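Have a look at the structure below before the remarks.
There are 2 protein chains.
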Amino acid sequence: MKPPESKTLRRDLASIVGDDFVLTSVPDRLAYNADCWPRGIIMSRGRQLHRHQPAAVVQPRNEHEVLGVIQWARRTSTPIVPFGAGSGVCGGTLADNDGVVVDLKRLKSIVETNHDDMTMRVESGIIGMNMEVELNRRGLTLGHFPSSLYCSSVGGYLAGRSAGQYSSRYGKMEDMVASMRVVTGAGDVIETGPDPTAASPRDLVPDCGPDLTQLFVGSEGTLGILTESTLRVSKKPSIQLYRGFQFRTVNGALEAIREMMQAGLRPAVVRLYDEFDSLLAKRKSAGSGGPAQGLTARALTAKLGEVAMDVLPVPVASELKGRMSTVSKALLNRILGQPLTLNALIDVLPADCLLVVGFEGESPIVDNEADYAFDLLGRRGIDLGREPGEHWLRHRMDVSYKQSPMYDAGAFVDTMEVSTTWSNLTRLYESVRRALAPHVLVLAHFSHAYPEGSSIYFTFAGFGADTDETLRRYEATWATGLEAVARAGGSVAHHHGVGVSKAGFTRRDHPGGRALFEALKQTFDPDRILNPGKVWSEAEGTEAWP
Amino acid sequence: MKPPESKTLRRDLASIVGDDFVLTSVPDRLAYNADCWPRGIIMSRGRQLHRHQPAAVVQPRNEHEVLGVIQWARRTSTPIVPFGAGSGVCGGTLADNDGVVVDLKRLKSIVETNHDDMTMRVESGIIGMNMEVELNRRGLTLGHFPSSLYCSSVGGYLAGRSAGQYSSRYGKMEDMVASMRVVTGAGDVIETGPDPTAASPRDLVPDCGPDLTQLFVGSEGTLGILTESTLRVSKKPSIQLYRGFQFRTVNGALEAIREMMQAGLRPAVVRLYDEFDSLLAKRKSAGSGGPAQGLTARALTAKLGEVAMDVLPVPVASELKGRMSTVSKALLNRILGQPLTLNALIDVLPADCLLVVGFEGESPIVDNEADYAFDLLGRRGIDLGREPGEHWLRHRMDVSYKQSPMYDAGAFVDTMEVSTTWSNLTRLYESVRRALAPHVLVLAHFSHAYPEGSSIYFTFAGFGADTDETLRRYEATWATGLEAVARAGGSVAHHHGVGVSKAGFTRRDHPGGRALFEALKQTFDPDRILNPGKVWSEAEGTEAWP
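First to last, the protein sequences are chains R and E. Residues in the first sequence are numbered consecutively from 553, following the numbering used here. Residues in the second sequence are numbered consecutively from 553, following the numbering used here.
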């Protein structure tokens, strides 16, 4: 690593964005040292703070300044990393020490909402929640509710093909976007779809030739910096109908979900928790926000203690029970240190699965669909009434803000969102559980259902005696897990993006994609300044990790 | 043009596909001299038969042979043109005399249908109707019903971003496709989506990185030859509910359609005929299959005669009336020779618009949606009951097979399908009508409605005294029409593709697309052998016409 030439750098960047918006102090650079990739969090806790501190952070306020930064980066061969709100969990915004982070949060306006066309034009750096509040005020919704809603940006959603909790109704970001405005690494400003600077917006459906918009969605800042987009919006729904159902087996529940989706029903929310995840939910420990929401250190240990009463040898169980009120390293080690045993025990637990389904929109269309769906699910499983659904609704945002204590105690928590077709879903689920079992405690839920398949959202927790062991276990977990996903014919990412954590695995998803990515880089980023190492990597598997 | 070296060519190609499947005779080459681009038909009728006869036609039976043909073409620098069934209306399959047409009709199998995932794997050359019949036998439907269904292929649908008559429910081809298998011009065989040769099919949703599938959709054989695809299918519907509504004005009807689409209703069919098109329909002349369906020479003259009774000066009208039973050049000239007057007269006609709406699928979801939609439309317009809808349903495929007599009489008929957002729709409609009025008689209907906008399908008829005058008028019509579309902020194509007829206009749709197309060509067709001159052109407007 060559040391950044700090003074020239500052002066150059200040001439583009103004001195107030070039950050080079140690605390500022430290603040951009990690996104929410758990590996980075583990490293930070272990005081490994240096590797990803950028040379500088620059905060342009408009497209003109973004272009200026890109032109400067080309001249000086400086790698630049577009940055929204840093909530990514795959290391997609990590810079090297000679890189400059381009923080886009000053591009934060809703440019226009169009109620005739049900579209909006919005800048990239706006925080999801701020945008949604303003849309609601105008009687609209984007319908995009990732659990990171309060700390993530529209640009990030588009860059990473984000899906919100209501994606079954409103779609993923790639379904919502009609056009993006991008400053490419070649220094061109292009509108990927119809040109909204024309006298009037053109058709939003890609009608002829190859589709430019869908090229830039999911490109994660490797081809250009996204400044604005035109997104489809919906009326703010006037009714929400949520309900819980209980099924004896995961497979029975999946069958019912498949039937519902293929009948043309459009639930906003479909979440099926597997046996163990449901078990945690059912015991309703204090502080639990529902299945998987309760994965805080205290709640996890408390719940595991309860589970232990059923399944562990009595002496072990008693010990756990006695210590349920404290979260100690030793206890976590006891629980998470032997994941294979614990996972195996969970496998033989007698437990049912919980399905949460929600509809939202306008009467009478939504009432009719919900009636039909609830009737269908009630005949396949047991109707638990409104409470489980509404409980989920109240607590759906909790999970993202409860993980810190786990890390404090030396453990880690992470998620792996994969997907496949219905006919392959059980195989994928079982393969990945089996692959992860030796390394971490595994929970799963199924969400984001489609007529042709579903995603699976694995949540896992692990523990190492020290930072190095934790990092080793963390890496082994991902290497084994994504290898299993690829072997089982699943897609290695569903809505968290690729970043750097999966960049060594994407070739498995798209065998023809390498040539395409090279061609795009050659055209849109000829000097290779844009977010190096993300999305695609020469190195395979976790070899691609920085 | 260099003359094809016929013997070497035959021998070379025969060594790849077998001698029976290399066609070089004059009648064979003549058969591929034109697709259904009206300009080609006009030229053929005028005995201008030579320009697009290929050097040979080759008919590979599988991917291996397709690859062989591409490798041969690279070695010999021979331009090759992928060909499905030749129903395209934009010259997308026209070859030059030194080119070889690659006819894919022998790739005609449904490889697999998967009822769990509701998908099918199908070869490119299968004719739409043959595929649909077989799907129906298995209880399925693709839901894709272009009026060319009997004479068009799946590969052509994908190549040109085709939309069928039921697209509002089932989507356009780009919505239905999960993955394509392509032999690129670089000689690589790639699967654009998840790899179905893996142990099991991967997820069908593009989950990470840039989207390869959506790059090849709409590429019209300029990047590779499509051999197979995985498409989403649906259950064959058990009910169909069709109905007609009458509105006083186009704008009033469009407002009602917009409300229906934005309420989340999913009609299969939405077709609004403008005042004149509706007038033709209402008069129910013999042989009419409904609005625009009746645009045969006999029906048109008969109807125009009737219209004339209302709007033309009495002597002219009488003369027309007296000659209504014959279709003569003189009569067509009389009617179509002064389009500006006729269009102006039509503008002041007192006439209502006809809206045909259809729902299909399963009870009770579809019944509920149809009830709600029919109620909504009935409050905005006048409910005409089931007959207009069912009349349309019975005659919806008639139009494609009735145009020949018009050409025989020296006239031409063509269509221009454009699209834009709701807020811009009236402006686009009026601009294009005004631009076309001096050249041709113009009718229009609105179909393929979306929450954010709609397409407009202009049908126009013109006449020239001889082939040259007809060609001049035809070119002037398109040049003026598409220029008006671009100026009014519309998209120059909605579902007929680009071919060569619009290749000089696509830059208007996608200002950033030129660099992308060049990059893709460089990567996937480095020797520039694939379908030259299509989709994008250096020349502007009709200068790009061959």
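All C-beta atoms, glycine included, are put in the ideal place defined by N, C-alpha and C. Keep in mind it's a predicted model, so treat the numbers as computed, not measured.
Extent of the continuous beta strand (DSSP E) run through residue i
i	result
E:V994	993–1001
R:M935	In the sequence as displayed, the identity of residue 935 of chain R is Asp instead of Met. 934–937 is the span of the beta strand (DSSP E), which, as asked, contains R:D935.
E:Q798	791–799
R:R599	R:R599 -> no beta strand (DSSP E), and no H or E assigned at all.
R:F662	In the sequence under discussion, the amino acid at residue 662 of chain R is Ile, which differs from the Phe named in the question. Counting along the chain, the beta strand (DSSP E) containing R:I662 begins and ends at 662–666.
R:I568	Counting along the chain, R:I568 falls outside any beta strand (DSSP E), though it belongs to the alpha helix (DSSP H) covering 558–569.
CB of residue i within 7 Å of CB of residue j, strictly
i	j	result
E:F1012	E:V1037	no
E:F1010	E:M968	yes
E:R795	E:G941	yes
R:C642	R:H1048	yes
R:G691	R:S786	no
E:R627	E:D1079	no
R:V653	R:T779	no
R:K660	R:E684	no
E:A1001	E:M813	yes
E:N585	E:H616	no
E:P762	R:G962	no
R:V609	R:D580	yes
E:F697	E:P819	no
R:G933	R:F768	no
R:V1050	R:I1008	no
E:K657	E:G680	no
Cα-Cα separation between residue i and residue j, rounded to whole angstroms
i	j	result
R:G804	R:F998	13 Å
R:K873	R:L888	Because the pLDDT of R:K873 is 47, which lies under 50, any placement of that residue in the model is unreliable, and the question is left without a value.
E:V1087	E:S1053	9 Å
R:F1076	R:T736	6 Å
E:E921	E:E664	32 Å
E:D826	E:G816	24 Å
E:V802	E:T782	39 Å
E:N976	E:I898	23 Å
E:A647	E:P990	32 Å
R:S870	R:Y959	Unreliable positioning characterises R:S870 in this predicted model, as indicated by a pLDDT of 49, which lies under 50. The coordinate reading is nonetheless provided below. R:S870 and R:Y959: Cα-Cα distance of roughly 25 Å.
R:K788	R:Y722	12 Å
E:V578	E:S639	21 Å
R:P590	R:D572	31 Å
R:V1044	R:I791	35 Å
R:K724	E:D655	38 Å
R:E1092	R:G1056	4 Å
R:R986	R:P891	11 Å
E:A1031	R:V621	41 Å
E:D1020	E:M595	9 Å
Cβ neighbour criterion (16 or more within 10 Å) applied to residue i
i	result
E:E982	exposed
E:D927	exposed
E:G570	exposed
R:R599	exposed
R:E1070	exposed
E:E1090	exposed
R:V706	buried
R:N688	exposed
R:E1095	exposed
R:K559	exposed
E:D669	buried
E:Q717	buried
R:D966	buried
Continuous alpha helix (DSSP H) stretch holding residue i: start and end
i	result
R:D727	725–728
R:R818	Run containing R:R818: none; DSSP gives neither H nor E here.
**Item:** alpha helix (DSSP H) runs contained entirely in the segment 604–660 of chain R, provided each spans 4 or more residues
**Value:** 615–628
**Prompt:** Fully enclosed by the segment 957–1026 of chain R, which beta strand (DSSP E) runs are 3 residues long or longer?
**Reply:** 963–973, 993–1001, 1005–1015
**Prompt:** Which ranges would you report for the beta strand (DSSP E) in the segment 686–711 of chain E if only whole runs of at least 3 residues count?
**Reply:** none
**3 or more residues per run - each beta strand (DSSP E) lying fully within the segment 904–929 of chain R** = 905–913
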